[in-house]
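Working notes, beginning with the structure itself.
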Amino acid sequence: ASTFNTLFNGLLRLGNLGDAFHIAKEMYSNGFIPSYSSLMSLLRKSLNSGNLEDSFYILELMLRFDYFPEEHSLSLLVAGFCRAGRVHEAYFVLSVLLGKGFSPSVYSYNPILLGLCRSCRSSISLAVFGSFWKRGLYINEHTYAALIYGFCRERLYEEAYRVLDQMQVDGFRPNVVLYTTIIKFLCEDGKIEESLGVLNVMAAEACEPDLVTYNVILRALCCCDRILEASEFIRIMDEKGFSPDKFTYSALIGGLLKAGRVGHANELLLDILTRGCDMDVAICNIYFHGLCREYRSREAFSLVKDMMEKGFAPSNVTYNTILNGFCKEQNVEEALELFDCFEWVGSGPDSVSFNTVLSAACKQGNSSIIRRVLYRMEFEGVKLNAVACTSLVQHFCLVGRFSECFKLLDLMISDGITPT
RNA sequence: CCCACAGUGCUCACUU
Numbered sequence: 066a067s068t069f070n071t072l073f074n075g076l077l078r079l080g081n082l083g084d085a086f087h088i089a090k091e092m093y094s095n096g097f098i099p100s101y102s103s104l105m106s107l108l109r110k111s112l113n114s115g116n117l118e119d120s121f122y123i124l125e126l127m128l129r130f131d132y133f134p135e136e137h138s139l140s141l142l143v144a145g146f147c148r149a150g151r152v153h154e155a156y157f158v159l160s161v162l163l164g165k166g167f168s169p170s171v172y173s174y175n176p177i178l179l180g181l182c183r184s185c186r187s188s189i190s191l192a193v194f195g196s197f198w199k200r201g202l203y204i205n206e207h208t209y210a211a212l213i214y215g216f217c218r219e220r221l222y223e224e225a226y227r228v229l230d231q232m233q234v235d236g237f238r239p240n241v242v243l244y245t246t247i248i249k250f251l252c253e254d255g256k257i258e259e260s261l262g263v264l265n266v267m268a269a270e271a272c273e274p275d276l277v278t279y280n281v282i283l284r285a286l287c288c289c290d291r292i293l294e295a296s297e298f299i300r301i302m303d304e305k306g307f308s309p310d311k312f313t314y315s316a317l318i319g320g321l322l323k324a325g326r327v328g329h330a331n332e333l334l335l336d337i338l339t340r341g342c343d344m345d346v347a348i349c350n351i352y353f354h355g356l357c358r359e360y361r362s363r364e365a366f367s368l369v370k371d372m373m374e375k376g377f378a379p380s381n382v383t384y385n386t387i388l389n390g391f392c393k394e395q396n397v398e399e400a401l402e403l404f405d406c407f408e409w410v411g412s413g414p415d416s417v418s419f420n421t422v423l424s425a426a427c428k429q430g431n432s433s434i435i436r437r438v439l440y441r442m443e444f445e446g447v448k449l450n451a452v453a454c455t456s457l458v459q460h461f462c463l464v465g466r467f468s469e470c471f472k473l474l475d476l477m478i479s480d481g482i483t484p485t
């Protein structure tokens, strides 16, 4: 056993997690027991490296030795799965632990509730919450917040308000973040009056709105061309000592553009850009988008390159905007070539990047480009989503290839993609 | 003791 332990700890210290895990498994099959602290150390390192799979198996091995994980590590694993959209696995981990008599903390089960809510399964989330409640697990304001978030997102406001009431009955006070969440969903759903009502509730509850709250409301007001009310809010903000940030500006400009106030939007945009304090990507992207809308996408692209020389860091949205511009000008083939010219950030081109070119190719009926885009998506591991499927279905219907349409519909059903 | 959980802007098809 001491040989194994020495080896295990050495590998661990070297950061060779794979082999360390292997040794631990060997120990298990030979009837030796590694120490709790060394297995926890392995789990922590694995989690820090961001590998959920390995971490999962390490935890599984620990459970075979009847070791429970540290709360913090467990929450990292659970939250990691949830963030990756793998709520199922997170839930599985937690239920196994519950079955063994372990009592997880809010940090481990709140992410599951939120994960369920993010995937539009708020009712299930509520049921899970109910079962946790019955087991007597402690809950906190985030527990309620997750449910309220989910119900609002699914536009089930009655349910959301019910949870909000219950929360207060249970002795928790809703905070700014929670109220702002509700306000945001109401605004997105076009229920501005109701969202302003929530603002009044906040005032009654002595809960002060913050800059985020105001940014949400300003955007909503600008979107439906209620500029006077927006200016009134700006005055109030000023009175309260809030100074606008980059979110405020992009919310205002974006909202004005949505309302078709191109002139006002440009005025504000140029004002900010020429003042040129710190260049914000999102605000620059709005400008690039404006150029592209006027069929000046090449100009936009050279501008991006020039600005990069001066230290500007484009985002993937910047690149997607340029792609969209090229496609609008019917240069779809060239847009596809641009994929290799961009210095993509993070995990590379995303579904919007591909959808932009794919939908343009579908509109043109250019099956050669469609094939190449699909191939590349496969290669990059980007899955077809509702937007991509809709574009393709439309294209196949147009060219009379109905069998392909049905194949796509099958794929959508099996992948759980909701048609629009 | 610390650490780990929720809210805001910019880009894609359809719809209009």
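Going by the numbering used here, the first sequence opens with residue 66, and the numbers climb by one from there.
In this text, a Cβ means the ideal position worked out from N, Cα and C, and glycines have one as well.
query: Can you give the Cα-Cα distance for F471 and T485, rounded to whole angstroms?; result: 16 Å
query: Restricting to Cα atoms, I'd like to know which of Q395, I351 and E359 is closest to Y384.; result: I351
query: Rounding to the nearest angstrom, what Cα-Cα distance links L117 and L159 in this structure?; result: 14 Å
query: Could you have a look at A271 and say whether DSSP puts it in helix, strand or coil?; result: coil
query: Taking all protein chains shown into account, decide if R200 is buried (16 or more other Cβ within 10 angstroms of its Cβ) or exposed.; result: exposed
query: Between the region 359-368 and the region 327-338, do three or more beta carbon pairs fall short of 8 Å?; result: no
query: Go through its chain and collect everything with a Cβ distance to E219's Cβ below 7 Å, but skip five positions before and after it.; result: C185 and S187
query: Could you check the C-alpha separation between L286 and G236 for me, to the nearest Å?; result: 34 Å
query: Could you have a look at Y82 and say whether DSSP puts it in helix, strand or coil?; result: A small fix is needed here, since residue 82 is Leu in this sequence, not Tyr. L82 falls in the helix class under three-state DSSP.
query: What are the complete alpha helix (DSSP H) segments, minimum 4 residues, inside the region 92-155?; result: 101-113, 117-129 and 136-148
query: For Y203, name the three-state secondary structure that DSSP assigns.; result: coil
query: Which stretch, first to last residue, makes up the alpha helix (DSSP H) that contains T339?; result: V327 to R340
query: Could you spell out the range, first to last residue, of the alpha helix (DSSP H) harbouring N389?; result: N381 to K393
query: Assuming V422 and N381 form a contact by the criterion Cβ under 8 Å, report the distance between their Cβ atoms to the nearest whole angstrom.; result: Not really, about 14 Å apart at Cβ, beyond 8 Å.
query: So, using beta-carbon positions, are N420 and V452 closer together than 8 Å?; result: yes
query: Please work out which residues of its chain come closer than 7 Å, Cβ to Cβ, to T455, disregarding the five sequence neighbours upstream and downstream, and give them in chain order.; result: T485
query: May I have the straight-line CA-CA distance separating K460 from V438, to the nearest angstrom?; result: Checking the sequence shown, residue 460 turns out to be His, not Lys. Their Cα atoms are separated by approximately 14 Å.
query: Spatial neighbours of N450 within its chain, please: CB distance less than 7 Å, with the 5 preceding and 5 following residues excluded, ordered by chain position.; result: S416 and I482
query: Could you say which of A271, I348 and R78 lies nearest to G319 if we only look at CA atoms?; result: I348
query: In chain order, what residues of the same chain have a beta carbon less than 6 Å from the beta carbon of F407, not counting five sequence neighbours either side?; result: Y384
query: With distances taken from CA atoms, which of V161, S418, S170 and Y172 is nearest I387?; result: S418
query: Cα separation between L401 and K448?; result: 18 Å
query: Do three or more CB pairs link the region 89-106 to the region 123-138 at distances below 8 Å?; result: yes
query: Which residues bound the alpha helix (DSSP H) around N450?; result: That residue, N450, is in no alpha helix (DSSP H); it is neither H nor E in DSSP.
query: Quick check on the burial criterion: 16 or more other C-beta atoms within 10 angstroms. Buried or exposed for K375?; result: exposed
query: Please check the pair T278 and V241, which I expect to be a contact at CB under 8 Å, by giving their CB distance rounded to whole angstroms.; result: 6 Å
query: Can you give me the C-alpha to C-alpha distance between P414 and F444, rounded to a whole angstrom?; result: 11 Å
query: Quick test of your reading: G215 and C252, contact by CB under 8 Å. State the CB separation rounded to the nearest angstrom.; result: At roughly 17 Å, the Cβ-Cβ gap does not stay under 8 Å, so G215 and C252 are not in contact.
query: With DSSP as the reference, label C289 as helix, strand or coil.; result: coil
query: Output the boundary residues of the alpha helix (DSSP H) element that contains C406.; result: Neither: C406 is in no alpha helix (DSSP H) and is coded neither H nor E.
query: By how many angstroms is the C-alpha of I478 removed from the C-alpha of I435?; result: 22 Å
query: Leaving out five residues before and five after A85 in sequence, what residues of the same chain have Cβ atoms less than 6 Å from its Cβ?; result: F73, L76, L77 and L107
query: Whole angstroms are fine: how far does the CA of F467 sit from the CA of C335?; result: In the sequence as displayed, the identity of residue 335 is Leu instead of Cys. Approximately 49 Å, taken between the alpha carbons.
query: Helix or strand or just coil, what does DSSP make of V410?; result: coil
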